[in-house]
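Chemist: Residue numbers (the UniProt record's numbering): 4 to 341.
Take this structure first; my questions come after.
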Ligand code: NAD
């Protein structure tokens, strides 16, 4: 039933059943790296809870999954505090919703004391892995961690140190926290699951869970064998860098020695964004790594800072989620048989 036609009482009842359900799915996904349902089932239920809470703001509870970065900190791994939190991303599922996000943001920016009113977006692929943070002191890799609950992550320095794509020393002696995604390439995932099945072990549900399970490991040797890769795309504080744009940040991170995804594009307007989406939706199946959408980010870094974030997501970025890949495969199969 559309939320606009609901009474607050009915909305409260539905929200009260959605919250524990989402929490339970979240625990299985984040704590055990073993999802009970497909992501789009989770996403649709989550979007419904957001819609209910938006229509009836009095229904928002502090413990609602909409108010927290999803994730957990495993008790047997050491903890790391993220002084600047690692956030999630708001998401949309249609170009219309994306245009609404753009209209809202441009209106907000117009009221800010900023010279960036005519800002561009940087379009990036949304890599289907798990978020990591890498700390460098005077250019030396000193600590690596998971996002955890956003404020407290898990210390997985030794695991991350085994990844060839993570530089142990930067080309400049900077003290920075660089953030990005750790993922398992599609082929490595297929090979790993084939091996596991041959050994009578349970296969991983998807590359994201395989990557998370492989990183959050007490046995560093296991991580080293899992062929994990990284794409870094963010920094906790941009001051030490020369650049002042998101697209420039990706270039500067690459110069410093990080692995970055080369497919980003600066978009001047929403038609450019829509073209980027079409382009990568078509290429998705042929990429060596999984993506579950694209992310658009206001390009000027000072503008990102001025706009800020909610408790859970930045206000200057949004993810456009692709439809689940299985559905596309089915459509393609049908086309084949016609
Ligand atoms: P999210 O994964 O949808 O989006 C935020 C994350 O995107 C960031 O933390 C970052 O790790 C990642 N990301 C990838 N590429 C990026 C880029 N270029 N720039 C910025 N960030 C990038 O949100 P979330 O809060 O981490 O998790 C929610 C997701 O987890 C949903 O997609 C949901 O389907 C899934 N989930 C599934 C279940 C389940 O049971 N199947 C349960 C809980 C959550």
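Positions of the beta carbon are idealized from the N, C-alpha and C atoms, including for glycine.
Taking residue 292 as the reference, which of 253, 127, 304 and 232 has the closest Cα?
Modeler: Checking every option, the nearest Cα to that of residue 292 belongs to 232.
Chemist: Taking 6 Å as the limit between beta carbons, can you name the residues of its chain near residue 229, skipping five residues before and five after?
Modeler: Excluding positions up to five away in sequence, the list reads 217.
Chemist: Going by C-alpha distance, which of 152, 302, 153 and 185 is nearest residue 168?
Modeler: The candidate whose alpha carbon is nearest that of residue 168 is 185.
Chemist: Could you tell me which residues DSSP pairs with residue 48 in its beta bridges?
Modeler: DSSP, once it has assigned bridges, lists no residue as partnering residue 48.
Chemist: Could you check if residue 179 belongs to the surroundings of ligand 1, using beta carbon to heavy atom distance under 7 Å?
Modeler: For ligand 1, not one heavy atom lies less than 7 Å from the Cβ of residue 179.
Chemist: Let me check understanding here. Comparing Cα to Cα, which of 239, 309 and 316 lies closest to residue 93?
Modeler: Nearest option by C-alpha distance: 316.
Chemist: Say the cut is 7 Å; is the CB of residue 142 nearer than that to a heavy atom of ligand 1?
Modeler: No.
Chemist: With a threshold of 7 Å, establish whether the CB of residue 22 neighbours any heavy atom of ligand 1.
Modeler: No, the Cβ of residue 22 stays beyond 7 Å of every heavy atom of ligand 1.
Chemist: Note down, one range per segment and in chain order, each alpha helix (DSSP H) of at least 4 residues found wholly within the region 242-283.
Modeler: Runs found: 249-259.
Chemist: With DSSP run on the structure shown, which of helix, strand or coil describes residue 328?
Modeler: Residue 328 falls in the helix class under three-state DSSP.
Chemist: If you follow the alpha helix (DSSP H) that residue 114 is in, where does it begin and where does it stop?
Modeler: Unbroken alpha helix (DSSP H) run through residue 114: 98-114.
Chemist: For my contact list, residue 128 and residue 264 are in at a C-beta cut-off of 8 Å; report their separation, rounded to the angstrom.
Modeler: About 6 Å separates the two Cβ atoms, so the contact holds.
Chemist: Nearest to residue 273 by CA position, among 24, 7 and 97, is which residue?
Modeler: Measuring from the Cα of residue 273, the nearest candidate turns out to be 97.
Chemist: Among the residues of its own chain, which have a CB less than 8 Å from the CB of residue 77, if the five just before and after it don't count?
Modeler: Contacts found: 34, 157 and 219.
Chemist: Leaving out five residues before and five after residue 174 in sequence, what residues of the same chain have Cβ atoms less than 6 Å from its Cβ?
Modeler: Excluding positions up to five away in sequence, the list reads 259 and 260.
Chemist: Using the Cα positions of residue 245 and residue 196, report the straight-line distance between them to the nearest angstrom.
Modeler: If you take the alpha carbons of residue 245 and residue 196, they lie about 43 Å apart.
Chemist: According to DSSP, what are the bridge partners of residue 135?
Modeler: Partner(s): 149 and 183.
Chemist: Keeping to the same chain, check which residues put their C-beta closer than 8 Å to that of residue 321; ignore five residues upstream and five downstream.
Modeler: For residue 321, where only same-chain residues beyond five positions count, the Cβ hits under 8 Å are 92, 93, 94, 95, 101, 104, 298 and 299.
Chemist: Among 40, 18 and 303, whose alpha-carbon lies nearest the alpha-carbon of residue 50?
Modeler: When only C-alpha atoms are compared, the closest one is 18.
Chemist: Closer than 7 Å by C-beta to residue 55: which residues in its own chain qualify, once you throw out the five before and the five after it? Chain order, please.
Modeler: Counting only Cβ-Cβ distances below 7 Å, and skipping sequence neighbours, we find 6, 14, 17, 18 and 62.
Chemist: Between the Cα of residue 9 and those of 149, 58 and 303, spot the shortest distance and give me the residue it belongs to.
Modeler: The residue with the shortest Cα to Cα distance from residue 9 is 58.
Chemist: Return yes when at least one heavy atom of ligand 1 lies under 7 Å from the C-beta of residue 38, else no.
Modeler: Yes, Cβ of residue 38 sits closer than 7 Å to a heavy atom of ligand 1.
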